[in-house]
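Position one of the sequence shown corresponds to residue 1278 (this note's numbering), numbered consecutively onward.
Think of the CB as a built atom: it goes at the ideal place given N, C-alpha and C, for glycine as much as any other residue.
As the structure is a prediction and not an experimental result, all values here were calculated from the model.
Before any comments, here is the structure.
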Amino acid sequence: MEQDGRLLLVQRGIEPFKGAWHMPAGYVEVDELPALAAERETREESGLVVKAERLFGAYFYDDDPRGNGVVILYKVQILDGQLASSSETLATRFFSPQELSGLPLAGVSAAASIQDWLNGK
């Protein structure tokens, strides 16, 4: 999620990767479409109500102790809400491209997706 040239990231408050940053994400529930899961997870983790507009990318990961998986990310439009942390996050904020350097990231999928955003994907 992008606003004014800055990228929204959440800081994980739970293991694995506690304290590391990533784009809002989570598991798709039974009978839930991936785009709706992205909207729900963004609201739950950041406090922002969003509408998924288009696919941003899909990223395989194999560095999570819970097992391998695929992260599906969407470009979204912010509709409402205010930034807030949740029971799963320590912090939620927008970062400029310059502020992203050196942040601890939550695994290979977070690093790849942020790099794609920096490259203008």
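With 16 other Cβ atoms within 10 Å as the buried cut-off, status of residue i
i: Glu-1322; result: buried
i: Ile-1291; result: exposed
i: Arg-1331; result: exposed
i: Arg-1343; result: exposed
i: Ser-1386; result: buried
i: Phe-1333; result: buried
Whole-angstrom distance between residue j and residue i, CA atom to CA atom
i: Ala-1312; j: Val-1326; result: 13 Å
i: Ala-1302; j: Asp-1308; result: 17 Å
i: Tyr-1351; j: Ser-1373; result: 19 Å
i: Arg-1275; j: Val-1353; result: Residue coverage of the chain in this structure runs from 1278 to 1398, which leaves residue 1275 outside it and unanswerable.
i: Gln-1359; j: Thr-1319; result: 12 Å
i: Ile-1391; j: Val-1287; result: 12 Å
i: Gly-1397; j: Ser-1364; result: 31 Å
i: Asp-1357; j: Thr-1366; result: 19 Å
i: Ile-1355; j: Met-1278; result: 8 Å
Residue i vs residue j beta-carbon contact at 8 Å
i: Ala-1315; j: Ala-1329; result: yes
i: Leu-1395; j: His-1299; result: no
i: Pro-1293; j: Asp-1339; result: no
Sequence-distant residues of the same chain with beta carbon closer than 6 Å to residue i, five excluded per side
i: Ile-1349; result: Pro-1311 and Ala-1335
i: Arg-1289; result: Lys-1295, Ala-1297 and Ala-1383
Close-in-space but distant-in-sequence residues of the same chain around residue i (CB under 7 Å, 5 per side omitted)
i: Ser-1362; result: Ala-1368 and Thr-1369
i: Phe-1371; result: Gln-1280, Arg-1283, Leu-1284 and Leu-1285
Start and end residues, beta strand (DSSP E) containing residue i
i: Leu-1285; result: 1283-1289
i: Ala-1368; result: 1366-1372
i: Val-1347; result: 1346-1358
Segment limits, alpha helix (DSSP H) that includes residue i
i: Glu-1330; result: First-last for Glu-1330: 1325-1338, but that is the beta strand (DSSP E), not the alpha helix (DSSP H).
i: Ser-1378; result: Unbroken run through Ser-1378: none, as it is neither H nor E.
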